[in-house]
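Note sheet for the following structure.
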Amino acid sequence: MVGRIASLILCMLCAACSGNSNANTNKPAGGDEGAAMAIAALPTQAEQGPLAAQGSEVFKKYACGTCHSRSLQREGLGGPPLGGAATRHLTRQSGDELAARRWFYAHIRNPKGHPGTYHNDGAYAAVKMPAYEQISNEEMRALVEHLMTMR
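For the sequence shown, my numbering assigns the number 7 to the initial residue and increments by one for each residue that follows.
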């Protein structure tokens with residue numbers, strides 16, 4: 007229990023300190039949060055690997071691993087695990103690879119307006135993901151591609 011509380015506190019501190027000056031700007035969805043413009047088409051197979059590698063660095067830069075594990079297990083962290091995230095959201099988007107990528111983009115920009123599969127799960131009620139509006143479109147494309155590798 008102490009470990010979970012410490013993890014929750016650490017997660018909240020990192021969300022507040024990770025360079026996210028817009029942490030309190032979560033708002034209802036007003037569209038796709040710019041996803042269609044930023045991700046106009048699927049990356050080519052040649053682009054996918056380098057983008058995903060760059061996205062892994064973006065994941066580290068914004069301390070996403072402080073709240074989210076990359077495995078299928080929560081590992082005591084405050085946010086939902088990201089292992090299998092691409093599969094979950096591909097299912098939600100009827101297998102549409104482009105729509106799943108755009109959903110990830112919109113969700114990261116505005117989590118409240120684009121809730122994920124764990125949105126109403128009481129296990130995650132104590133921590134709400136802040137909006138990451140400061141991440142550049144290039145970094146977002148890379149981060150989304152990294153998330154798409156988590157199937």
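For each residue, glycine too, the CB sits at the ideal point set by N, CA and C.
* Asked: Given a threshold of 16 other Cβ atoms within 10 Å of its Cβ, counted over all protein chains shown, does C23 qualify as buried or as exposed?
  -> On the sequence shown, residue 23 is found 17 positions in, with the first residue counted as 1. With a pLDDT of 42 at C23, under the threshold of 50, the modelled position of that residue is not reliable, and no figure is offered here.
* **Endpoints, the alpha helix (DSSP H) within which Y138 is located** => On the sequence shown, position 132 is the one that residue 138 refers to. Element bounds for Y138: n/a, residue is neither H nor E.
* **Pairwise C-alpha distance: Y138 and N30** => Here residue 30 is taken as the residue at index 24 of the sequence shown, counted from 1. Here residue 138 is taken as the residue at index 132 of the sequence shown, counted from 1. At N30 the pLDDT is 44, less than 50, meaning the model places this residue with poor confidence; the figure from the coordinates comes in the next sentence. One C-alpha to the other measures close to 10 Å.
* Outcome for D38 when other beta-carbon atoms lying within 10 angstroms are tallied against a minimum of 16 -> For the purposes of this step, residue 38 is taken as the residue at position 32 of the sequence shown. In summary, D38 is buried, with 16 or more beta-carbon neighbours lying within 10 Å of its beta-carbon over all protein chains present.
* Alpha carbon to alpha carbon, how far is R76 from Y111? Give it in angstroms, no decimals. => Your numbering for residue 111 matches position 105 in the sequence shown. Your numbering for residue 76 matches position 70 in the sequence shown. Cα to Cα, Y111 sits roughly 18 Å from R76.
* Integer Cβ distance of A47 from H152, believed to fall under 8 Å -> Counting from 1 along the sequence shown, the entry for residue 47 is found at position 41. Counting from 1 along the sequence shown, the entry for residue 152 is found at position 146. Incorrect: roughly 18 Å between the Cβ atoms, too far for contact.
* To do: Count the other C-beta atoms from every protein chain shown that fall within 10 angstroms of the C-beta of M43, then say buried if there are 16 or more, exposed otherwise.
  => Along the sequence shown, one-based indexing puts residue 43 at 37. So M43 ends up on the exposed side.
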